[in-house]
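In this note's numbering, the protein residues as written are 14 to 287.
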């Protein structure tokens, strides 16, 4: 891995940015600046249903208003599906994937165990024969993945969080996650791991809501023989009611704040940056 510190901010164009995004982007930018490193911007636009092109320019305007800068070209995930397919093929060759045809209704009917981010997939499709007419997603078989790494003398995997110290991976917190979807030849977990490796990201700075995802990412990094970045999971911003800022809840956007002629310096001073 390069000796140069390299961080990134990787929003999805599924809505406008809000205060929580500003906090995360500034953390990553300031960390890189403090260590004489490089800050990258990446657009995570693999969700062909929810991502919209008209959200991208306002995102760029918001980040510029905050005083952030980044090298061009900006990596857009939708332009790199071949990279994710190559990684998926390597995982398939290791025998750690399986197809799944289950619907959400079928999974709920199986009374799945609740994990850290929702119900864990109960393994209904493990070992099931697949017909060519069926649509399916590709899941990571954690049991086989762990056995493979154990045979290689590389399990259990660990990862470093600068806030919480060394962590031993506990991927069962999320279960057999989806790595490729019916409508998209990749998933968040796969594409973010591939992108961070290909872009030489040394420090991944993101919110605590993605802490448990890092357990899965560490497993994927080990399977794909990627160098592992260091992580920082910062606290989430919450509103007056204690709810985290989110696009789904239509939190006040950076665009609307800009349009009120707000001063960026004052706005940044009021963020809970370290």
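Glycine included, C-beta positions come from ideal geometry on N, C-alpha and C.
Since this is a predicted model, take the numbers as computed values, not measurements.
Measure the beta-carbon distance from residue i to residue j and round it to whole angstroms, keeping in mind my assumption that it falls under 8 angstroms.
i: residue 32; j: residue 53; result: The pair is not a contact, with the Cβ atoms about 22 angstroms apart (cut-off 8 angstroms).
i: residue 208; j: residue 55; result: 6 angstroms
i: residue 168; j: residue 159; result: 6 angstroms
i: residue 120; j: residue 132; result: 6 angstroms
i: residue 155; j: residue 189; result: 6 angstroms
May I ask you to report which of helix, strand or coil DSSP gives residue i?
i: residue 193; result: strand
i: residue 3; result: The chain is shown from 14 up to 287; residue 3 falls before or after that span and cannot be answered.
i: residue 132; result: strand
i: residue 29; result: coil
i: residue 251; result: strand
i: residue 281; result: helix
i: residue 223; result: helix
i: residue 92; result: helix
Identify the continuous alpha helix (DSSP H) that holds residue i and give its terminal residues.
i: residue 71; result: 69-78
i: residue 232; result: 226-236
i: residue 202; result: 201-211
For residue i, does the count of other Cβ atoms within 10 angstroms reach 16, so buried, or fall short, so exposed?
i: residue 57; result: buried
i: residue 38; result: buried
i: residue 136; result: buried
i: residue 90; result: buried
i: residue 175; result: exposed
Grab the span of the beta strand (DSSP E) containing residue i for me, first residue to last.
i: residue 220; result: 216-220
i: residue 44; result: First-last for residue 44: 32-47, but that is the alpha helix (DSSP H), not the beta strand (DSSP E).
i: residue 174; result: 171-174
i: residue 51; result: 51-56
i: residue 153; result: 150-153
Exercise. On the three-pair Cβ rule with 8 angstroms, is the segment 65-80 touching the segment 100-113?
Worked result: no
For this session: Pair every Cβ in the segment 212-229 with every Cβ in the segment 241-248, then say whether three or more of these pairs are closer than 8 angstroms.
Result: Three or more Cβ pairs drawn from the segment 212-229 and the segment 241-248 lie within less than 8 angstroms of each other, which places the two stretches in contact.
For this session: Tell me, please, whether the segment 22-31 touches the segment 221-230 by the rule of three or more beta-carbon pairs shorter than 8 angstroms.
Result: no
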